[in-house]
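In our numbering, the protein residues as written are 3 to 233.
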């Protein structure tokens with residue numbers, strides 16, 4: 003026995019009507035307004051990669067005879083922490099008053115630190131009106147990449163009906179990335195170019211213009227092939 007064509011048409015229309023009502027229920031709110039779909043949450047939004055800073059300060063009284071032994075010791079300790087050779091990623095700010103003698107003393111301290119492998123890119127000097135004329139303050143700013151305490155609470159990862167991100171989404175990944183960053187200051191701004199970087203770029207461009215390989219020459223001694231003597 004076959005269904006009557008009119009019955010089949012009615013059934014199709016009923017299915018279309020039910021589907022339309024279902025879609026309208028998902029796309030509209032109770033007031034009849036179209037619901038605004040939320041943008042997907044990215045790991046970097048829930049747990050952003052950030053550089054945290056901490057400032058330590060020392061104050062040196064200006065000595066007309068130059069730096070004292072204790073002041074040199076304090077600056078040597080600071081230079082060991084801020085050295086570009088084996089120090090930490092830090093910025094050093096020298097604060098003086100606008101008095102010419104104070105500014106000159108600040109420059110002397112800056113030169114002293116530069117001679118002890120503190121990069122000029124990490125050194126700065128400012129003059130403030132409220133700074134005592136006989137005191138030079140040295141602010142050392144330390145940086146670290148922020149890490150997060152992950153998985154402190156349990157949640158049902160199968161509850162996807164609301165299409166909401168998990169509370170720990172991206173926490174472990176970004177915390178691991180933060181732990182691998184050598185210089186957290188790179189999260190705030192790109193590193194300053196050095197003369198070595200400029201020379202490297204010039205060499206690469208020169209090789210590219212000549213049609214030569216821009217990579218380093220192959221080191222035959224670094225090959226892992228087995229020696230013919232033991233084959």
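Heads up, the beta-carbon is just placed ideally off N, CA and C, and yes, glycines get one too. Every value quoted in this text rests on a predicted model; they were computed, and no experiment measured them.
Return the CA-CA distance between residue 209 and residue 116, expressed in angstroms with no decimal places. Position 207 of the chain shown, counted from the start, is the residue given in the question as residue 209. Position 114 of the chain shown, counted from the start, is the residue given in the question as residue 116. If you take the alpha carbons of residue 209 and residue 116, they lie about 35 Å apart.
Measure how close the beta-carbons of residue 133 and residue 98 come, nearest whole angstrom, since I'm counting them as under 8 Å. The count along the chain shown starts at 1 and reaches residue 133 at position 131. The count along the chain shown starts at 1 and reaches residue 98 at position 96. That belief holds up - the Cβ atoms of residue 133 and residue 98 are roughly 6 Å apart, short of 8 Å.
Distance CB(residue 1)-CB(residue 126) smaller than 8 Å: Residue coverage of the chain in this structure runs from 3 to 233, which leaves residue 1 outside it and unanswerable.
What's the C-alpha gap between residue 190 and residue 147? For this step, residue 190 is matched to residue 188 along the chain shown. For this step, residue 147 is matched to residue 145 along the chain shown. If you take the alpha carbons of residue 190 and residue 147, they lie about 10 Å apart.
Cutting at 6 Å between CB atoms, please list the residues of its own chain near residue 52, excluding the five before and the five after it. Working through the chain shown from its first residue, we reach residue 52 at position 50. Same-chain partners within the cutoff: 148.
Is the Cβ of residue 172 closer than 8 Å to any Cβ of chain C? In the displayed structure, chain C is absent; only one protein chain is listed.
Touching by the beta-carbon criterion (3+ pairs, under 8 Å), the segment 137-147 and the segment 47-62: A contact between stretches requires three or more CB pairs, one per stretch, nearer than 8 Å, and the segment 137-147 meets this requirement with the segment 47-62.
According to DSSP, is residue 154 helix, strand or coil? Position 152 of the chain shown, counted from the start, is the residue given in the question as residue 154. Correct three-state label for residue 154: coil.
Would you list the one or two residues that DSSP bridges to residue 141? Within the chain shown, residue 141 is the residue found at index 139, counting from 1. Residue 141 is bridged by DSSP to 59, 95.
Cβ-based neighbour list, residue 66, same chain, cut-off 8 Å, excluding 5 preceding and 5 following: For the purposes of this step, residue 66 is taken as residue 64 along the chain shown, with counting starting at 1. Around residue 66: no qualifying Cβ.
Span of the beta strand (DSSP E), counted from its first residue to its last, around residue 128: Residue 128 sits at position 126 when you count from the first residue of the chain shown. Residue 128 -> beta strand (DSSP E) spans 125-129.
How far does the alpha helix (DSSP H) with residue 101 in it reach, from first residue to last? As a working mapping, residue 101 is identified with position 99 in the chain shown. Element bounds for residue 101: n/a, residue is neither H nor E.
Pick helix, strand or coil for residue 26, following the three-state DSSP scheme. Mapped onto the chain shown, residue 26 falls at position 24. Low local confidence applies: a pLDDT of 48 at residue 26 is under 50, so the model's placement there is unreliable, with the coordinate-based value given in what follows. Assignment of residue 26 by DSSP, reduced to helix, strand and coil, places it in the helix class.
Alpha carbon to alpha carbon, how far is residue 216 from residue 93? Locating residue 216 in the chain shown gives position 214, counting from the first residue. Locating residue 93 in the chain shown gives position 91, counting from the first residue. For residue 216 and residue 93, the distance between alpha carbons rounds to 34 Å.
For residue 54, does the three-state DSSP call read helix, strand or coil? Walking along the chain shown from the start, residue 54 turns up at place 52. Three-state result, residue 54: strand.
Is it buried or exposed, residue 176, if we count other Cβ atoms within 10 angstroms and call 16 or more buried? Translated into positions along the chain shown, residue 176 becomes position 174. By the neighbour-count definition (other C-beta atoms within 10 Å, threshold 16), residue 176 is a buried residue.
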